[in-house]
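In full-length UniProt numbering, the protein residues as written are 1 to 324.
Ideal Cβ positions, reconstructed from N, Cα and C, are used throughout, including at glycine.
Note that this is a predicted model, so its numbers are computed, not measured.
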Amino acid sequence: MKPLTARGRIAVVALAFLVLAGGAVGYTLRASRDRQPTSADSGFTLAQGGLYFRDTATGRIARRPLGAGSVGERRATGGPVCDRFYAAGGRALCLRRRAGVPVSAYAVVLDRRLREIRRINLPGIPNRARVSASGRMLSWTMFASGDSYATSAFSTRTSILDLRTGYLIKNMEDIQLTIDGRRRYAPDVNYWGVTFARDDNRFYATVSTGGRTYLVEGDMRKWSARALRSNVECPSLSPDNTRIAFKKKVSDDPRAPWRLHVLDLSTMRERPLAERHSVDDQAAWLDDRTIAYSRGGDIWTVPADGSGAPRLRVPDATSPTTPG
């Protein structure tokens, strides 16, 4: 092997410099992303009430009064940067994607003043976030692979955190699952979209297995779940704990597969809502009569009884929630 000439040595040094510089730029971009605020500006808290949401222009959490009449009404900004957000009972959950490879994120738990109290590193893409009415129980769903429920090429990882005990269930796939009276053991089980009852023990979620989706009712203390019915995705329990808003698959068209419905838990009868466009979201109840959801990058609301018509509530926004 011939020794490098002076020109060759210069070329090698230059190449090494470019590689190191590229790595430094990548690190700088990632560090800059990770330094973005995970807590709110002073004066922006959950105590102010109203409708909180993610402003898509800035990525930060903003709010508006619930009774705001004009869709163009000015929003109050200053919340943390999040990709998914939900708040209740004086606690908030902020899912924030991290830059870099492999894809990863943070689950950031925030107090009433939207100050960080706990942070958990997560693999995957943030997808769903929920907090129980008391603020004790938190759950989030991450896409482990894929980025849409409209195809079969996806896998999810759903976690549950008990803030009172500090106990974290990293992946709920080991829960004892019963479908049609039989225990279900299968490698294709995926859970997503947890929603909690007022007692902080009972919860509902979607499970997918054997090519079908089911609504399951879970018990935290017994760590068990049973399927109640099929074709229910992304359940959201009403404040009075009597009904579930969900998206139902009504078409095999991957561009518009779902329609929002409400299920009465006492009769198991479902009712389609006035929103006829396909909605891929875990809806949020603003109160016992009104459901909010994200569609087309905007927040819409619709009556929970199937009457009326969809109403554009907040443009350029996602993750609607009313902390209470």
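Same chain, Cβ closer than 6 Å to residue i, five either side skipped, listed in chain order
i           : result
residue 354 : Outside the displayed range of the chain (1 to 324) lies residue 354, so it cannot be described from this structure.
Ser-224     : Gln-176
Val-207     : Tyr-191, Tyr-214, Val-216
Gly-59      : Val-81
Val-262     : Arg-243, Ala-245, Arg-271, Ala-304
Leu-168     : Leu-161
Arg-119     : Tyr-106, Val-108
Arg-255     : none
Asp-264     : Arg-243
Residues of its chain near residue i, where Cβ-Cβ distance is below 7 Å and the 5 sequence neighbours each way are ignored
i       : result
Glu-173 : Val-189, Tyr-191
Asn-201 : Asp-219, Met-220, Arg-221
Lys-170 : Ser-159
Ser-251 : Pro-257
Arg-226 : Thr-178, Val-216, Glu-217
Cys-94  : Thr-38, Pro-80, Cys-82, Phe-85, Val-108, Leu-110
Ala-197 : Phe-203, Leu-237, Asn-241
Thr-209 : Arg-184, Ala-186, Asp-188, Val-189
Ala-57  : Asp-316
Where residue i falls, given that 16 or more other Cβ within 10 Å makes a residue buried
i           : result
residue 325 : This structure does not reach residue 325, given that the chain is present from 1 up to 324, and the question cannot be answered.
Leu-66      : exposed
Arg-96      : buried
Gly-124     : buried
Trp-140     : buried
Pro-320     : buried
Tyr-185     : exposed
Asp-305     : exposed
Leu-312     : exposed
Val-71      : exposed
Val-25      : Reliability fails at Val-25, whose pLDDT of 35 lies under 50, so the model's placement of it is uncertain and no value is given.
Pro-102     : exposed
Gly-211     : exposed
Phe-268     : Residue identity check: residue 268 is Met in the sequence provided, not Phe. Result: exposed.
Pro-126     : buried
Leu-297     : Looking at the sequence itself, residue 297 is Gly, so the reference to Leu does not match. Gly-297 should be labelled exposed.
Pro-310     : buried
Gly-43      : exposed
Arg-35      : Below a pLDDT of 50, predicted positions are generally treated as unreliable, and Arg-35, at 46, falls in that range; the measurement from the model is reported next regardless. Classification of Arg-35: exposed, given that the 10 Å Cβ count is below 16.
Ala-40      : buried
Identity of the residues DSSP links to residue i by a beta bridge
i           : result
His-261     : Phe-246, Pro-272
Val-131     : Leu-138
Gly-218     : Phe-203, Ala-225
Phe-196     : Phe-203
residue 326 : Missing from the structure shown is residue 326; the chain here goes from 1 to 324 and no further.
Phe-143     : Ile-125, Thr-156
Glu-73      : DSSP, once it has assigned bridges, lists no residue as partnering Glu-73.
Val-81      : Arg-60
Gln-176     : Ser-224
Tyr-191     : Val-207
Thr-213     : Ser-208
Phe-53      : Ala-62
Ser-238     : Beta-bridge pairing links Ser-238 to no other residue.
Leu-161     : Leu-138, Leu-168
Thr-45      : In DSSP, Thr-45 forms no bridge with anything.
Arg-183     : Thr-178
Among the options, the one whose alpha carbon lies nearest that of residue i
i           : options                            : result
Thr-322     : Gly-43, Arg-119, Ser-132           : Ser-132
Leu-46      : Asp-288, Pro-303, Asp-180, Leu-114 : Leu-114
Asp-280     : Arg-128, Arg-54, Ala-107           : Arg-128
Asp-240     : Leu-161, Leu-273, Trp-285          : Trp-285
Ser-278     : Pro-257, Tyr-106, Thr-56           : Pro-257
Gly-49      : Tyr-106, Arg-112, Asp-55           : Arg-112
Arg-243     : Tyr-204, Ile-299, Ser-251          : Tyr-204
Thr-178     : Cys-82, Phe-85, Leu-228            : Leu-228
Ala-92      : Gly-306, Leu-161, Thr-156          : Leu-161
Arg-295     : Pro-315, Ala-309, Pro-303, Ala-304 : Pro-315
Phe-143     : Val-109, Arg-164, Ala-105, Ser-134 : Ala-105
Ser-230     : Tyr-214, Ser-224, Trp-223          : Tyr-214
Ile-117     : Val-250, Gly-166, Arg-60           : Gly-166
Phe-53      : Ala-197, Trp-300, Pro-102, Leu-138 : Trp-300
residue 342 : Thr-195, Pro-254, Glu-233, Gly-43  : The requested residue 342 is not part of the displayed model; the chain covers only 1 to 324.
Arg-276     : Tyr-86, Leu-260, Leu-168, Asp-287  : Leu-260
Asp-288     : Asp-180, Arg-64, Arg-255, Gly-324  : Gly-324
Gly-193     : Asp-180, Leu-138, Ala-40, Arg-64   : Leu-138
Arg-130     : Asp-180, Thr-195, Asp-199          : Thr-195
Test: residue i CB closer than 8 Å to a CB of chain C
i       : result
Asp-287 : Of the protein chains in this structure there is only one, and it is not chain C.
Beta-carbon proximity list for residue i, same chain, < 8 Å, skipping 5 on both sides
i       : result
Gly-135 : Ala-88, Gly-89, Gly-90, Arg-91, Leu-163
Ser-266 : Thr-242
Arg-183 : Gln-176, Leu-177
Ala-62  : Tyr-52, Phe-53, Arg-54, Asp-55, Arg-75, Ala-76, Thr-77, Gly-78, Gly-79, Ala-317
Gly-22  : Note on Gly-22: pLDDT 39, under 50, position unreliable in the model; no value is reported.
Gly-308 : Ala-274, Val-302
Met-249 : A small fix is needed here, since residue 249 is Lys in this sequence, not Met. Taken in chain order, the residues that qualify are Thr-213, Asn-231, Glu-233, Pro-257, Trp-258.
Closer than 7 Å: residue i CB and nearest the ligand HEM heavy atom
i       : result
Gly-211 : Ligands in the displayed structure: none, and consequently the ligand HEM is not present.
> Which ranges would you report for the beta strand (DSSP E) in the region 83-109 if only whole runs of at least 3 residues count?
Replying inline: Considered as a whole, the region 83-109 harbours 84-88, 91-98 as its complete beta strand (DSSP E) runs of no fewer than 3 residues, in chain order.
>> So within the UniProt region "Disordered" (304-324), which uninterrupted beta strand (DSSP E) runs reach at least 3 residues, ignoring any that extend past its ends?
In response: List check, beta strand (DSSP E) in window: 311-314, 317-321.
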